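A.B. asks: According to our numbering, the sequence shown holds residues 7 to 192 in order.
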Amino acid sequence: MSEICIKRFIRFRAAILFLIVGIFSGILLFGGTFEVLDRIVEMRTRSERLEKLKTDRDGKQELVKNLNIQKESLEKQISDLISEVLKALHIKSYSGESKNGMPHGKGKAEYYFGDNHHQNGIYEGDFKNGLRHGKGKMNFENGNWYEGEYFNGMADGSGIFFDYESEEIFNGEWKWNEMYKLIEKK
Numbered sequence: 007m008s009e010i011c012i013k014r015f016i017r018f019r020a021a022i023l024f025l026i027v028g029i030f031s032g033i034l035l036f037g038g039t040f041e042v043l044d045r046i047v048e049m050r051t052r053s054e055r056l057e058k059l060k061t062d063r064d065g066k067q068e069l070v071k072n073l074n075i076q077k078e079s080l081e082k083q084i085s086d087l088i089s090e091v092l093k094a095l096h097i098k099s100y101s102g103e104s105k106n107g108m109p110h111g112k113g114k115a116e117y118y119f120g121d122n123h124h125q126n127g128i129y130e131g132d133f134k135n136g137l138r139h140g141k142g143k144m145n146f147e148n149g150n151w152y153e154g155e156y157f158n159g160m161a162d163g164s165g166i167f168f169d170y171e172s173e174e175i176f177n178g179e180w181k182w183n184e185m186y187k188l189i190e191k192k
């Protein structure tokens, strides 16, 4: 082989080697670039997901905030309605067990029907759905008292009534707040 051919061959071989190294470098470079690009795309996707979650969370927080405002408003309306019902039942104050905001179970209530009214007083005993129901004692402002059974807010069943003015005690059977059967008078 001639010297020129050998030089050409060496140059050709070097060019091929350079090309191969370049291709490998490109593959590695582009492969690395593609990895980096993939990571960038993945990071952007994560960022978008986080932003969406943040937006969803903010939206949910706004929804929760609105629901809490509505809940407070409803609780206030319920409280106002219960106050109106208690007022209609002439209950000025109450302490004791309750169900759905109404006297229910054992409790103590102050009744107020108006100035100089003979039914004003304090009841202590059983309640059901806001009404005197079961056993209890009503001490009236005028000194009278009734102790016995109640049904739907009225003296009903066995009971004893004390009349302050006459200082007499009436033991009897009651229906709709009226004694219908006198058992004993003292």
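Note that CB positions come from ideal geometry on N, CA and C, so glycine has one too. Only a predicted model underlies this, so the values are computations on that prediction, with no experimental measurement involved.
By alpha-carbon positions, which one of Glu-184, Leu-87, Leu-92 and Lys-82 ends up nearest to Gly-136?
C.D. replies: Position 130 of the sequence shown, counting from 1, holds the residue named residue 136. With distances taken between Cα atoms, Gly-136 lies closest to Leu-92.
A.B. asks: Report the residue ranges of all beta strand (DSSP E) runs contained in full by the segment 120 to 150; include only those spanning at least 3 residues, in chain order.
C.D. replies: Those beta strand (DSSP E) runs which fall completely within the segment 120 to 150 and span 3+ residues are 127 to 134 and 137 to 146.
A.B. asks: From the DSSP output, read off the bridge partner residues of Trp-180.
C.D. replies: On the sequence shown, position 174 is the one that residue 180 refers to. Its beta-bridge partners are Gly-163 and Met-185.
A.B. asks: Where does Phe-167 land, buried or exposed, given buried means 16+ other C-beta within 10 angstroms?
C.D. replies: Within the sequence shown, the letter at position 161 stands for residue 167. With 16 or more Cβ atoms within 10 Å of its Cβ, Phe-167 is classed as buried.
A.B. asks: Measure the beta-carbon distance from Lys-181 to Asp-162 and round it to whole angstroms, keeping in mind my assumption that it falls under 8 Å.
C.D. replies: Along the sequence shown, read from residue 1 onward, the residue named residue 181 stands at position 175. Along the sequence shown, read from residue 1 onward, the residue named residue 162 stands at position 156. Yes, Lys-181 and Asp-162 are in contact; Cβ-Cβ is about 6 Å, under 8 Å.
A.B. asks: Identify, in the order they occur along the chain, each residue of the same chain with its Cβ nearer than 7 Å to the Cβ of Gly-127, setting aside the five sequence neighbours on each side.
C.D. replies: Translated into positions along the sequence shown, residue 127 becomes position 121. Around Gly-127: Tyr-117, Met-144, Asn-145, Phe-146 and Glu-147.
A.B. asks: Answer yes or no: do Asn-150 and Asp-169 have a C-beta to C-beta separation smaller than 9 Å?
C.D. replies: Translated into the one-based positions of the sequence shown, residue 150 becomes position 144. Translated into the one-based positions of the sequence shown, residue 169 becomes position 163. Against a cut-off of 9 Å, the Cβ pair of Asp-169 and Asn-150 comes out as a contact.
A.B. asks: For Tyr-156, count the other beta carbons within 10 Å of its own beta carbon; 16 or more makes it buried, fewer makes it exposed. Which is it?
C.D. replies: Looking up residue 156 in the sequence shown gives position 150. Buried: at least 16 other Cβ atoms inside 10 Å.
A.B. asks: In the DSSP assignment, what residue or residues form a beta bridge with Tyr-117?
C.D. replies: Indexing the sequence shown from 1 puts residue 117 at position 111. Ile-97 and Gly-127.
A.B. asks: Is the beta carbon of Lys-134 sitting closer than 9 Å to the one on His-96?
C.D. replies: The residue labelled residue 134 in the question sits at position 128 within the sequence shown. The residue labelled residue 96 in the question sits at position 90 within the sequence shown. Contact: no.
A.B. asks: What would DSSP say about Ile-173, mapped onto helix, strand or coil?
C.D. replies: For the purposes of this step, residue 173 is identified with residue 167 of the sequence shown, where counting begins at 1. Note on residue identity: the sequence assigns Glu, not Ile, to residue 173. Glu-173: coil per DSSP, three-state reduction.
A.B. asks: Can you name, in chain order, every residue of its own chain whose Cβ lies under 7 Å from the Cβ of Lys-187, other than the five neighbours on each side?
C.D. replies: The count along the sequence shown starts at 1 and reaches residue 187 at position 181. Excluding residues within five positions, the ones whose Cβ falls inside 7 Å are Gly-178 and Glu-179.
A.B. asks: For Ser-104, which beta-bridge partners are listed by DSSP?
C.D. replies: What you label residue 104 is simply residue 98 of the sequence shown in a count that begins at 1. Answer is Pro-109.
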